[in-house]
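Residue numbers (UniProt numbering): 1 to 218. We put the beta carbon where it would ideally sit given N, CA and C, even for glycine. Just so it is clear, the structure is predicted and the values come from calculations on it, not from any experiment. Worksheet: the structure to be examined is printed underneath.
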């Protein structure tokens, strides 16, 4: 009859547990020594009993074994981390390459290329994108035109003010702080009128009408 399989579990009896520990400890240290001799391996074994006593074996020195073990674990950790980082970068590169391909394809379709194979719905979506883009371009253009007109008006006012100050200096007359714009010679206002042509033509027509009325009254 064959020998039954021994169940590995904690030995409850303290004396039996101590005897088993001594036997197996000696066997373990013996096997470690044989492994170091037979295979030319660097071996280090450390065992602590339940009472805290240390038993160890090393064919070189325990410190050198521990130092080598620590360095090996750190190197292995770096290799694992580097490998994971490389895989993450590879996934990111693949994703970016796909995004670039999609953008290039969308750009070609927006300029009327590579339209074969598209459904009516796809073409309608492209048309909607173009209409939205065109609307944005027009709004931006109108905004820039308004800003340019406002800037011209601002410059016109500055030139008008400079003309008034110049007129004051030339005539050196008291009370010119409240000078009326209509009393300034035509040449001093010409720059402002050139910047605001509508006002210029309106004032010019009004002056002609006043001259005609004066001729009739005379």
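Can you look up residue 43 in the DSSP assignment and give me helix, strand or coil? coil
Does the beta-carbon of residue 198 have 16 or more other beta-carbons within 10 angstroms, so that it is buried, or is it exposed? For residue 198, the predicted model reports a pLDDT of 48, less than 50, meaning its position is unreliable; a value from the coordinates is still stated below. Counting Cβ neighbours within 10 Å, residue 198 comes out exposed, since fewer than 16 surround it.
From the DSSP output, read off the bridge partner residues of residue 48. 54
Would DSSP call residue 37 helix, strand or coil? helix
Closest by C-alpha distance to residue 26, when choosing among 116, 97, 46: 46
Thinking residue 60 and residue 42 are a contact (beta carbons under 8 Å), I'd like their distance in whole angstroms, please. 6 Å
Hey, residue 152 and residue 130 are a contact pair by Cβ (cut 8 Å); roughly how many whole angstroms apart? Contact flag wrong, Cβ pair sits at about 33 Å.
Touching or not, the stretch 31 to 41 and the stretch 49 to 66, by the rule of three or more beta carbon pairs under 8 Å? yes
Under the three-state reduction of DSSP, which class applies to residue 118: helix, strand or coil? coil
Distance between residue 150 and residue 144 (C-alpha atoms, nearest Å): 10 Å
In the structure shown, what three-state DSSP assignment does residue 5 receive? coil
For residue 15, three-class secondary structure by DSSP: helix
Segment limits, alpha helix (DSSP H) that includes residue 241: Because the chain here runs from 1 to 218, residue 241 falls outside it and cannot be looked at.
Local conformation of residue 163 per DSSP, three classes: helix
Using 10 angstroms around the beta-carbon of residue 112, count the other beta-carbons present and answer buried if the total reaches 16, otherwise exposed. exposed
Between which residues of its own chain and residue 147 is the CB-CB distance below 8 Å, once the five residues before and five after are set aside? none
Residue 113 (DSSP reduced to helix, strand or coil): coil
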